[in-house]
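Counting in the numbering used here, the final residue of the sequence shown is number 428, and the numbers go up one at a time with none missing.
One structure is given here, and the rest of the page talks about it.
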Amino acid sequence: MRFVRVVALLLFLLAARDVQAASALQNVATEVAKGLTAIPPATVVIAAPAVSDMAGATPARMDELSVRIAGVIAGKLGGTTRAHERALHLSGARAVAGRGGALLFLSVEIARGELRVTADLYPVMSNGWDRIRIPAPPPRAHTYTSVPIDAEVRAFFPSISLEQASVRKSRHEEGDVLAVACGDANGDGGMELVLVSKTRVAVGTLRGGRFVVGKAASWPQLARRLPVPLREPLAGAAFVRAGLVGTGAPRLLVGTTEREAVALDAGLGVRATLPGIPLAVGDVDGCATVNPEASAFEGDVTGCALGGKERPVRLAAPVARFDAVAAGEITSRDGASHVVVAAREPGGKLRLRLDGGEVRTGDVVGAQLAVGDLDLDGASEIVTSGVEADDVLQVLSWTGDGSDPVVRKKIPAPGGVRALTICPPEARGVPALVAVVGPEVWVVR
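Now the structure itself:
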């Protein structure tokens, strides 16, 4: 197998010193608290029964999820705010909150792999005359937030069988692909794929068994050629949060060791050049420094200095020099978040680290890596390519408790694995492993 190494991580992955890992419920609570100001004392937080497009959950479990969300939000708001112990519809919630300071009513939905929460702050009519005059007062404040689901949320649904995952294959015409990433390229809330090849950057979707390109730009249009390219290229692609650097903020970061790395807007216009090969670190940017003499990355992954900002350390790799790196925020079923980092030494050894702790050495693996929680059970999956002549997709599960990674699934990939990434939950609330295998894009779910 030829030696092309890739760094390509999701927007939703996290391994940073300056970014705190948080669960989906914690993130929802933080955003709701930001969106609402001047919460009256003794406000009662009540959530409606959750609704979902995912099969298998009982009404009782959906009510439990709603109550859990109400409790986390009430805890975030603090003070005398309290959560009600049952899920209720709005009419029942008004009656319960009648003697409170206000009613914070939550509508909870799980759709396309996202937890969506709408929060409305209603006044309480404590006076009988007011209740007659205004029986259903409108909300005084409103906010909405959505986050990808994680293991804590997925625990309310039937488990995912990783061993029974299926592969859907689509053809692409991008030639020699070096990196892949997925995210919202144009801000419409949908998921797109970006394929970075030696010749261009293409953004599109999978339809009818094909990778259908929506937008594309050739490398000569985007960036100048570097004076000392590597013999075998390294590449990276990452989606970052819109609004990161103000008006016209880039959504997509791309780079290879043959061209300058660049930050692109939704129309693939260049917004800035980058100091290294990009990867996503949580919902912010990260850049890895290339050592041309070693044909590898070296040192910490830092911020990309978008918008003239300083370059804080985003990620400390488990080894000083590496030719592939991947990281993920893994949320356990009890809501605790952990950061898992995997890196491949130039000699092929896999190095793993949990929460900045002791580095664990694994087997020799291929040059492609991805980290995430594919079955949302709270344990990390490390996906690698193989080292034999006949390539393979290998999925390992690792709890980080001192035990070795366990092989969960192997999928023969005779076309050669060119790039890997893990997409957040979408269809049926299940994450997807995306692999570029020869002239095909594989979605394993």
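Just so it is clear, CB atoms sit at the ideal spot from N, CA and C, and this is done for glycine as well.
Quiz item: Which residues in the same chain have their Cβ closer than 7 Å to the Cβ of GLU68, if we skip the five residues on either side of it in sequence?
Solution: The residue given as residue 68 occupies position 85 in the sequence shown. Only VAL50 meet the Cβ criterion.
Practice problem: Kindly provide the ranges of any beta strand (DSSP E) runs that are 3 or more residues long and lie completely inside the region 2 to 85, ordered along the chain. | Solution: Correct list: 26 to 30.
Quiz item: How big is the Cα-Cα spacing for GLU409 and GLU243?
Solution: Along the sequence shown, read from residue 1 onward, the residue named residue 409 stands at position 426. Along the sequence shown, read from residue 1 onward, the residue named residue 243 stands at position 260. So the two alpha carbons sit approximately 33 Å from each other.
Exercise. Tell me whether the beta-carbon of ALA218 lies closer than 9 Å to the beta-carbon of GLY238.
Key: What you label residue 218 is simply residue 235 of the sequence shown in a count that begins at 1. What you label residue 238 is simply residue 255 of the sequence shown in a count that begins at 1. Yes, the pair counts as a contact, with Cβ atoms nearer than the cut-off.
Quiz item: What whole-angstrom Cβ distance do ALA85 and LEU104 have, given they're in contact under 8 Å?
Solution: Reading the sequence shown from its first residue, position 102 is the one you call residue 85. Reading the sequence shown from its first residue, position 121 is the one you call residue 104. The C-beta distance from ALA85 to LEU104 rounds to 6 Å, short enough to fall under 8 Å.
Quiz item: SER90 to LEU235, Cα distance in whole Å?
Solution: Locating residue 90 in the sequence shown gives position 107, where the first residue counts as 1. Locating residue 235 in the sequence shown gives position 252, where the first residue counts as 1. One alpha carbon belongs to SER90, the other to LEU235, and they sit about 32 Å apart.
Practice problem: Label VAL228 either buried or exposed according to how many other C-beta atoms from any shown protein chain fall within 10 Å of its C-beta, with 16 as the threshold for buried. | Solution: Translated into positions along the sequence shown, residue 228 becomes position 245. Annotation note: pLDDT 41 at VAL228 (below 50); position unreliable, no value reported.
Practice problem: Would you tell me roughly how many angstroms separate the C-alpha atoms of GLU281 and PRO397, rounded to the nearest one? | Solution: Here residue 281 refers to the residue found at position 298 of the sequence shown. Here residue 397 refers to the residue found at position 414 of the sequence shown. Going from the Cα of GLU281 to the Cα of PRO397 covers about 31 Å.
Quiz prompt | As assigned by DSSP and simplified to three states, the class of GLU146 | solution = One-based indexing of the sequence shown puts residue 146 at position 163. DSSP, read as helix, strand or coil, puts GLU146 in helix.
Quiz item: To which residues of the same chain is SER434 closer than 6 Å at the C-beta, ignoring the five residues directly before and after it?
Solution: This structure gives no information on residue 434, because the portion of the chain shown stretches from -16 to 428.
Quiz item: Within 10 angstroms of its Cβ, does GLN377 collect 16 or more other Cβ (buried), or is it exposed?
Solution: Counted from its first residue, the sequence shown places residue 377 at position 394. Counting the other Cβ atoms within 10 Å of the Cβ of GLN377 gives 16 or more, which makes it buried.
Exercise. Locate the beta strand (DSSP E) running through ARG193, then write down its first and last residues.
Key: Here the question's residue 193 lines up with position 210 in the sequence shown. 193 to 201 is the extent of the beta strand (DSSP E) around ARG193.
Practice problem: Go to VAL160, then tell me how far its beta strand (DSSP E) extends in each direction, as first and last residue. | Solution: Walking along the sequence shown from the start, residue 160 turns up at place 177. 160 to 166 is the span of the beta strand (DSSP E), which, as asked, contains VAL160.
Quiz item: How many Å lie between ARG116 and VAL130 at the Cα?
Solution: Taking the first residue of the sequence shown as position 1, residue 116 is located at position 133. Taking the first residue of the sequence shown as position 1, residue 130 is located at position 147. For ARG116, the pLDDT reaches just 48, beneath the cut-off of 50, and the residue's location in the model is therefore unreliable, although a value from the coordinates is still provided. Rounded to the nearest angstrom, the two C-alpha atoms are 39 Å apart.
Quiz item: What do you get for ASP268, buried or exposed, if any count of 16 or more other CB atoms within 10 angstroms of its CB means buried?
Solution: Taking the sequence shown and counting its residues from 1, the one referred to as residue 268 is at position 285. Label assigned to ASP268: buried.
Quiz item: For ASP133, is the classification buried or exposed, using 16 other Cβ atoms within 10 angstroms of its Cβ as the cut-off for buried?
Solution: Looking up residue 133 in the sequence shown gives position 150. Flag for ASP133 reads buried.
Quiz item: Going by Cα to Cα distance, which pick from LEU298, GLY54, LEU262, THR41 is closest to PRO141?
Solution: Stepping through the sequence shown from its first residue, residue 141 is reached at position 158. It is THR41 whose Cα lies nearest to the Cα of PRO141.
Exercise. Under 6 Å Cβ to Cβ from GLY383, same chain only, skipping five residues before and after it: list those, please.
Key: For the purposes of this step, residue 383 is taken as the residue at position 400 of the sequence shown. Here GLY383 has LEU337 as same chain residues with Cβ atoms under 6 Å from its own Cβ, once five neighbours each way along the sequence are excluded.
Quiz item: Excluding the five sequence neighbours on either side, which residues of its own chain have a C-beta within less than 6 Å of the C-beta of SER380, listed in chain order?
Solution: One-based indexing of the sequence shown puts residue 380 at position 397. Within the same chain, SER380 has close Cβ partners ALA362, GLU364, VAL389, ARG391.
Practice problem: Would you kindly check if the distance between the Cβ of ALA307 and the Cβ of LEU352 is under 9 Å? | Solution: Indexing the sequence shown from 1 puts residue 352 at position 369. Indexing the sequence shown from 1 puts residue 307 at position 324. Yes, these two residues count as a Cβ contact at 9 Å.
Quiz item: Roughly how many angstroms separate the alpha carbons of ALA310 and ALA5, rounded to a whole number?
Solution: The sequence position of residue 310 within the sequence shown is 327, counting from 1. The sequence position of residue 5 within the sequence shown is 22, counting from 1. C-alpha separation (whole angstroms): 15 Å.
Self-check item: Segment limits, alpha helix (DSSP H) that includes ARG99
Solution: Here residue 99 refers to the residue found at position 116 of the sequence shown. First-last for ARG99: 97 to 106, but that is the beta strand (DSSP E), not the alpha helix (DSSP H).
Quiz item: Per DSSP, what kind of secondary structure is ALA134 in: helix, strand or coil?
Solution: Here residue 134 is taken as the residue at index 151 of the sequence shown, counted from 1. DSSP, read as helix, strand or coil, puts ALA134 in helix.
Quiz item: So what does ASN274 bridge to, in DSSP terms?
Solution: Working through the sequence shown from its first residue, we reach residue 274 at position 291. Its beta-bridge partners are ALA279.
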